[in-house]
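The opening position of the sequence shown corresponds to residue 1 in our numbering, with each subsequent residue numbered one higher.
Think of the CB as a built atom: it goes at the ideal place given N, C-alpha and C, for glycine as much as any other residue.
Worksheet for the structure shown next.
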Amino acid sequence: MRELRRTFLEQVTHWDAATRTALTVAGALMIVMIGLYAFGGEALRVPTVVGIATLLIVAQGIVLWGNRHMVTPFTQAQRLYLSGQIDKATHLLQQQREHGTADVRELTLLGNIYRQHGDLTDSETVLYEALDISPQHHFPLYGLGRTKLVSGAYHDAAQLIQQALDSGASTHVQADLVEALYLDGQHDAARAHLAKAGANRLDAGRTLRLHWIAFKLGTSPPPTQAQIEIGLAELRQTAARYHNTPYGAAIEEQLASIETRE
Numbered sequence: 001m002r003e004l005r006r007t008f009l010e011q012v013t014h015w016d017a018a019t020r021t022a023l024t025v026a027g028a029l030m031i032v033m034i035g036l037y038a039f040g041g042e043a044l045r046v047p048t049v050v051g052i053a054t055l056l057i058v059a060q061g062i063v064l065w066g067n068r069h070m071v072t073p074f075t076q077a078q079r080l081y082l083s084g085q086i087d088k089a090t091h092l093l094q095q096q097r098e099h100g101t102a103d104v105r106e107l108t109l110l111g112n113i114y115r116q117h118g119d120l121t122d123s124e125t126v127l128y129e130a131l132d133i134s135p136q137h138h139f140p141l142y143g144l145g146r147t148k149l150v151s152g153a154y155h156d157a158a159q160l161i162q163q164a165l166d167s168g169a170s171t172h173v174q175a176d177l178v179e180a181l182y183l184d185g186q187h188d189a190a191r192a193h194l195a196k197a198g199a200n201r202l203d204a205g206r207t208l209r210l211h212w213i214a215f216k217l218g219t220s221p222p223p224t225q226a227q228i229e230i231g232l233a234e235l236r237q238t239a240a241r242y243h244n245t246p247y248g249a250a251i252e253e254q255l256a257s258i259e260t261r262e
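Below you can see the structure in the form of structure tokens.
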């Protein structure tokens with residue numbers, strides 16, 4: 001909530017004076033309407049409810065108008081990244097970082113991009129910078145957890161991913177927690193989280209990994225041939241992406257085990 005408030009206040013500073021004034025007036029009228037609702041008696045209840053609802057719609061319109069020209073560097077970088085223009089996204093985020101204007105989300109996205117390109121040292125450095133800004137933000141906690149996972153620091157990875165979950169990360173992160181715990185040898189803890197992780201919709205590769213871990217932990221039968229055929233290609237891509245890391249080696253071992261059903 002604090003992060004949302006801070007982001008909103010930063011946006012307001014970029015608005016023109018007329019839009020800021022309009023929002024102030026709407027806020028003042030809202031306070032008056034709430035006061036009338038609370039102390040104006042039964043006869044004013046319905047009119048004030050209508051007034052409050054109308055002011056909420058007006059305030060939303062003012063916010064949309066105020067932000068009409070705003071496309072944040074994070075949004076630009078995210079669009080570039082999703083469209084496959086990784087170098088441009090990285091350059092934009094690096095500029096923000098060098099200028100000292102990068103926020104938590106921008107630093108986290110940059111750290112995640114570094115990790116996906118195998119630059120684990122820079123990924124860790126940038127994600128720690130994000131956590132210096134907001135130590136309890138689930139976005140960099142999870143990002144750093146993933147980087148620790150890829151680097152083979154499985155114990156640290158499990159702790160960070162658990163912190164991310166405790167701080168509000170999506171329940172999809174449970175799958176990463178199971179994987180970190182399993183690779184760290186914390187098999188009882190991994191079993192305890194399997195049910196929550198399995199309840200989420202995951203991509204085919206992660207689903208296959210999760211099924212195989214469950215099988216190895218003795219909590220479910222081996223993946224079906226159909227699950228293997230669907231997820232094997234994505235699992236190979238993951239192994240190739242991280243081929244020079246401890247995590248990549250672990251995925252390679254898992255691939256061999258799945259292919260030989262051992």
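Cβ pair residue i, residue j closer than 8 angstroms
i    : j    : result
V173 : L181 : no
L265 : L141 : Absent from the model: residue 265. The displayed extent of the chain is 1 to 262, so no value can be given.
T207 : Q227 : yes
L210 : A175 : yes
L183 : A240 : no
E106 : A59  : no
V150 : Y81  : no
A190 : I213 : yes
L255 : R236 : yes
A158 : Q186 : yes
Whole-Å CB distance - residue i paired with residue j, under 8 angstroms assumed
i    : j    : result
L177 : Q162 : 6 angstroms
E229 : G205 : That belief does not hold up - the Cβ atoms of E229 and G205 are roughly 12 angstroms apart, past 8 angstroms.
M30  : L64  : 17 angstroms between Cβ atoms; not a contact.
I62  : T19  : 6 angstroms
L36  : L44  : 5 angstroms
Spatial distance of residue i from residue j (CA atoms)
i    : j    : result
T48  : S170 : 38 angstroms
T108 : I34  : 40 angstroms
A153 : P73  : 31 angstroms
D119 : T245 : 10 angstroms
L93  : R146 : 20 angstroms
S167 : H138 : 5 angstroms
D188 : N112 : 29 angstroms
T121 : K148 : 10 angstroms
A130 : V104 : 5 angstroms
F39  : A26  : 20 angstroms
P222 : L202 : 18 angstroms
A53  : G198 : 41 angstroms
E259 : S83  : 33 angstroms
R79  : H91  : 13 angstroms
### Query
Three or more C-beta pairs closer than 8 angstroms, one from the region 132-152 and one from the region 81-101: is that the case here?
Counting C-beta pairs closer than 8 angstroms gives fewer than three between the region 132-152 and the region 81-101, which falls short of the contact rule.
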